[in-house]
Amino acid sequence: MSWSLKKDLGRIRNNFPILEKCVYLISHSLGAVPLQVRDDLDRFYTLWADEGVTAWEKEWWLLSEKMGNKVASLLEAEKDSVAMMTNATLCHWVALSTQFSSKRRARNKVVMTDHDFPSVIYAISKVCSFMNWKLEVVRSQGLPGIDVSEIIDRVDEQTLFVATSHVYFKSSYIQDLFQIAQHARNMGALTLIDGYHAPGTIPVDVKTLGVDFYIGGCLKWLCGGPGNAFLYMHPERRKVIEPLLTGWLAHKKPFAFSREMIYTEGAYKLMSGTPPISCLYTAMAGLDIIHKIGKESIRKKSIDQTQMIIENATRREFQVYTPIENEKRGGAVSIGLPHAHQVKQALNKRNVKVDFRQGENDEPDVIRIGPHFYTKDEEIGHLFELIDMILSSGEYKKFGDHSEFVT
Ligand SMILES: Cc1ncc(COP(=O)(O)O)c(C=O)c1O
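This note's numbering puts the first residue of the sequence shown at 175, with every later residue one more than the last.
Rendered as structure tokens:
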């Protein structure tokens, strides 16, 4: 039975205990934990306690496959095309490592943008310098987005990878992946997409997009815990690769413990060592709830509520650092406002959770506001009333304008 976001909102919210305690507008960073996760973690413990090592054959060994297939169905991908991994940076390393011994030596260029997630930029730039690949980073010049033509213009016959995001983490700008992938394919380049801010808040169909690699994680919009990143690879491309970052889970017969590496054929070909089983249990419930509500209704609600945030911000003459066009805007809205970091801390103190991102170069400092399918419209009104009060009363001055950890 599916759930309606209008009729069943109360019932849906009852599945997320934190919603009773605070206004949770930070699902772009860490989704609210479903109540069911407690039982799922208990099942993990009970299996371990009752079965010991036979827990592997009862459930654990195939759990990565099961979870990979739940994610695959969300991405409209084929069964057995998604490998679960501990983090998205590692997924990038594995994808890049499929080309470390590439026969396509004439290709030695990687194209990305300065809006891509820093950890991914660090990993790719280190790989490029080790492999002697040339890295071209398209600059955003302080703007929330980059025109697709500026990316496409850099992708040529020398390009090995176009490695960029589906939705930019700081501005929520949705890239035109279809065009990027089409052009990359025409040029013979591979697309390596960081989709962390897409599935769960915008519908994704990797087959229609035509991408080669698609990476994401369950931590944010999919309401799963840490340690649940995923790597989709187009099954046809997977047939011809042998990732150098590998291990025994990628072996055709792992329990033969043979000294010779023979790759398996399915999604496990992209894996390496023992998966973080306990983490996988934290991601089941979120994926099931999202399947039950449906991608289209989540997106519709997200468009309405992000629009509501933009209207509120514009009325107060705050800078909106997120596209105002619905089709270019992801699930969160970044707004530049006076004393952003202090305001964010004052909001947290008042049990309203949002986050802060410092602007680099010409970008504004922003607070990011991420409503999700469980958010009530009134909560957005409440957020802006509090911001007004925190600014006009000077309450923000109680908080420092610098801290090491920003959540
Ligand atoms: C766009 C994007 N990619 C990747 C990550 C996380 O990468 P990792 O799983 O390696 O920590 C984040 C986390 O905030 C992100 O926003």
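A virtual CB, placed ideally from N, CA and C, is assigned to each residue, including glycine. No experiment lies behind these values; they were computed from the predicted model shown.
_Measuring straight from C-alpha to C-alpha, what distance separates Ile561 and Thr382?_
Going from the Cα of Ile561 to the Cα of Thr382 covers about 41 angstroms.
*CB Met286 to CB Thr228, shorter than 9 angstroms?*
Contact flag unset, no.
*Can you give me the start and stop residues for the alpha helix (DSSP H) that Phe304 sits inside?*
Phe304 -> alpha helix (DSSP H) spans Pro292 to Met305.
*Can you say whether Leu461 is buried or exposed, counting buried as having 16 or more other CB atoms within 10 angstroms of its CB?*
Classification for Leu461: buried.
*Quick one: Cα of Asn188 to Cα of Asp182, how far?*
Asn188 and Asp182: Cα-Cα distance of roughly 10 angstroms.
*Express the C-alpha separation of Ser567 and Ile295 in angstroms, rounding to a whole number.*
Rounded to whole angstroms, Ile295 to Ser567 spans 41 angstroms at the Cα level.
_Could you give the first and the last residue of the continuous alpha helix (DSSP H) run that contains Asp368?_
First-last for Asp368: Leu364 to Asp368, but that is the beta strand (DSSP E), not the alpha helix (DSSP H).
*In the structure shown, what three-state DSSP assignment does His408 receive?*
Looking at His408 - three-state DSSP - the assignment turns out to be coil, as it is neither helix nor strand.
*Look up Asp213 in the DSSP assignment and say whether it is helix, strand or coil.*
Of the three classes helix, strand and coil, the one that applies to Asp213 here is helix, per DSSP.
*For Thr287, write down the residues that DSSP places opposite it in a beta bridge.*
Per DSSP, Val312.
*Can you say whether Pro497 is buried or exposed, counting buried as having 16 or more other CB atoms within 10 angstroms of its CB?*
By the 10 Å Cβ count, Pro497 comes out buried.
*Once you ignore the five residues that flank Leu557 on each side, which residues in its own chain have a CB closer than 6 angstroms to its CB?*
In chain order, Val526 place their CB closer than 6 angstroms to the CB of Leu557, counting only its own chain and leaving out the 5 sequence neighbours on each side.
*For the region 452-539, list the alpha helix (DSSP H) runs that are entirely contained and at least 4 residues long, ordered along the chain.*
The region 452-539 contains these whole alpha helix (DSSP H) runs: 469-489 and 514-523.
_Contact between the region 479-488 and the region 317-337 (3+ Cβ pairs under 8 angstroms)_ = Judged by Cβ distances under 8 angstroms, the region 479-488 makes no contact with the region 317-337, as fewer than three pairs qualify.
*asked:* Distance check for Gly319 and Gly398, CA to CA, integer angstroms please.
replied: CA-CA distance, Gly398 to Gly319, rounds to 28 angstroms.
*Going by beta carbon distance, what residues of the same chain come within less than 7 angstroms of Phe429, once the five residues before and after it are set aside?*
Result list for Phe429: empty, nothing under 7 angstroms.
*From Lys413 to Glu434, what does the alpha carbon distance come to, in whole angstroms?*
C-alpha separation (whole angstroms): 19 angstroms.
*Every unbroken beta strand (DSSP E) inside the region 194-266 [3 residues or more]*: Listed in chain order, they are 256-259.
*asked:* Within a Cβ cutoff of 6 angstroms, which residues of the same chain sit near Phe335, ignoring the five residues on either side of it in sequence?
replied: Cβ within range, chain order: Val284, Leu364 and Leu366.
_Where Ser178 sits in the DSSP three-state scheme_ = Looking at Ser178 - three-state DSSP - the assignment turns out to be coil, as it is neither helix nor strand.
*Which of helix, strand or coil does DSSP assign to Val322?*
Val322: helix per DSSP, three-state reduction.
_Phe291 beta carbon near ligand 1 (any heavy atom closer than 8 angstroms)_ = Judged by the Cβ position, Phe291 qualifies as a neighbour of ligand 1 at the 8 angstroms threshold, a heavy atom of the ligand being closer than this.
*For Gly170 versus Leu199, is the C-beta distance shorter than 9 angstroms?*
In this structure the chain extends from 175 to 581, so residue 170 is not present and cannot be described.
*Label Leu209 either buried or exposed according to how many other C-beta atoms from any shown protein chain fall within 10 Å of its C-beta, with 16 as the threshold for buried.*
By the neighbour-count definition (other C-beta atoms within 10 Å, threshold 16), Leu209 is an exposed residue.
*If we count Cβ pairs, one from each stretch, closer than 8 angstroms, do we get three or more for the region 248-257 versus the region 304-324?*
Contact between the region 248-257 and the region 304-324 is absent, with fewer than three C-beta pairs closer than 8 angstroms.
*Taking the alpha-carbon positions, what's the Val197 to His371 distance?*
Taking the straight line joining both Cα atoms gives about 21 angstroms.
*Should Ala223 be labelled buried (16 or more other beta-carbon atoms within 10 Å of its own) or exposed?*
By the neighbour-count rule (16 or more Cβ atoms within 10 Å), Ala223 is not buried but exposed.
_Between the alpha carbons of Arg503 and Leu423, how many angstroms are there, rounded?_
Their backbone Cα atoms lie some 38 angstroms apart in a straight line.
*So Val245 packs on Thr456, CB below 8 angstroms; how close in whole Å?*
Between Val245 and Thr456, the beta carbon gap of about 14 angstroms keeps them out of contact (Cβ cut-off 8 angstroms).
_For Lys308 and Thr480, the rounded distance between their alpha carbons_ = Going from the Cα of Thr480 to the Cα of Lys308 covers about 38 angstroms.
*When you compare only the Cα positions, how much space is there between Thr448 and Leu393?*
In this model, Thr448 and Leu393 are separated by some 20 angstroms (Cα to Cα).
*For Ser567, the first and last residue of its enclosing alpha helix (DSSP H)*: Where Ser567 is concerned, the enclosing alpha helix (DSSP H) stretches over Asp551 to Ser567.
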